[in-house]
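Our numbering puts the first residue of the sequence shown at 1028, with every later residue one more than the last.
Heads up, the beta-carbon is just placed ideally off N, CA and C, and yes, glycines get one too.
Below is one structure, written out as structure tokens; the observations come after it.
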Amino acid sequence: MEQTRESSFIEWKRCIEVAVEMDVDVLNTEFTGHSDKPYKCEQMFMRSMKELLPIIEREGINLYKVSSFSLF
1028 MEQTRESSFI EWKRCIEVAV EMDVDVLNTE FTGHSDKPYK CEQMFMRSMK
1078 ELLPIIEREG INLYKVSSFS LF
């Protein structure tokens, strides 16, 4: 799981860089995890956010979580 978190973290940093380059100030996301390991997923999410939020704030990006609920 840690390798997946690290890979996602790197992808998120690159996404933020691209958003800044394109003068985009809003990113939408759907955070998911493993339903069989909710506590571990929450810990990993919080660890990633502690590292990503300062970057997101510094770059003036607004981050929105969209629901995974589908109407279809």
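Helix, strand or coil at Lys1040 according to DSSP, with G and I counted as helix: Your numbering for residue 1040 matches position 13 in the sequence shown. In the structure shown, Lys1040 sits in a helix (DSSP, three-state: H, G or I).
Beta-carbon proximity list for Arg1032, same chain, < 8 Å, skipping 5 on both sides: Position 5 of the sequence shown, counting from 1, holds the residue named residue 1032. Answer for Arg1032: Met1071, Arg1074, Ser1075, listed in chain order.
Buried or exposed by the 16-neighbour rule on C-beta atoms within 10 Å, applied to Ile1037: Your numbering for residue 1037 matches position 10 in the sequence shown. Looking at its Cβ environment, which holds fewer than 16 other Cβ atoms inside 10 Å, Ile1037 is exposed.
Lys1067, enclosing alpha helix (DSSP H) - first and last residue: Your numbering for residue 1067 matches position 40 in the sequence shown. 1065–1085 is the span of the alpha helix (DSSP H), which, as asked, contains Lys1067.
Nearest neighbour of Ile1083, chosen from Tyr1066, Val1053, Glu1029 [CA to CA]: Numbered from 1 along the sequence shown, position 56 holds the residue referred to as residue 1083. Here the closest residue by C-alpha is Val1053.
C-alpha distance - Asn1089 paired with Glu1057, whole-angstrom precision: For the purposes of this step, residue 1089 is identified with residue 62 of the sequence shown, where counting begins at 1. For the purposes of this step, residue 1057 is identified with residue 30 of the sequence shown, where counting begins at 1. Roughly 14 Å separates the two Cα atoms.
DSSP-derived helix/strand/coil call for Thr1031: Residue mapping note: residue 1031 aligns to position 4 of the sequence shown, counting from 1. Of the three classes helix, strand and coil, the one that applies to Thr1031 here is helix, per DSSP.
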